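Take a look at the structure below.
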């Protein structure tokens with residue numbers, strides 16, 4: 270999974286096709302919990318581009334996108350946000366898969 274280094278890189282990559290951005294941080298226990306199965310999800314849903322955004326490194330971007338809880342999953346299609354999965358509970362692989370499977374039709378093209 271590609272790690273985004275700056276806001277410009279994020280803006281550029283989210284303009285191309287459908288991108289699922291994973292907002293996370295190393296100190297977050299729920300983020301650490303999902304880390305082992307993220308490669309499996311990336312492989313299972315290879316039609317999407319997955320990117321990792323470190324909340325602490327790109328705090329301004331997170332503020333701009335209203336990312337307040339982590340881990341957060343936000344799907345973009347050709348530059349526009351089409352869905353987000355954010356809640357206070359620990360996310361399982363099955364819950365994240367369900368989120369991806371239920372992306373709007375425009376994002377599945």
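Residue numbers (our numbering): 270 to 378. Even glycine gets a Cβ: it sits at the ideal position worked out from N, Cα and C. These numbers were taken from a predicted model, which means no experiment stands behind them.
- Query: Is it the case that the Cβ atoms of residue 355 and residue 338 are separated by a distance below 7 Å?
  - Reply: yes
- Could you give the residue range of the beta strand (DSSP E) that holds residue 290? 287–293
- Message: Buried or exposed, going by whether 16 or more other CB atoms sit within 10 Å of the CB of residue 324?
- Response: buried
- Message: By DSSP's criteria, residue 350 is part of a beta bridge. Which residues make up the other side?
- Response: 345
- Task: May I ask you to report which of helix, strand or coil DSSP gives residue 271?
- Result: DSSP places residue 271 in strand when its eight states are reduced to three.
- Query: So the alpha helix (DSSP H) residue 329 belongs to, where does it begin and stop?
  - Reply: 328–333
- Query: Quick one, are the C-beta atoms of residue 360 and residue 303 less than 7 Å apart?
  - Reply: yes
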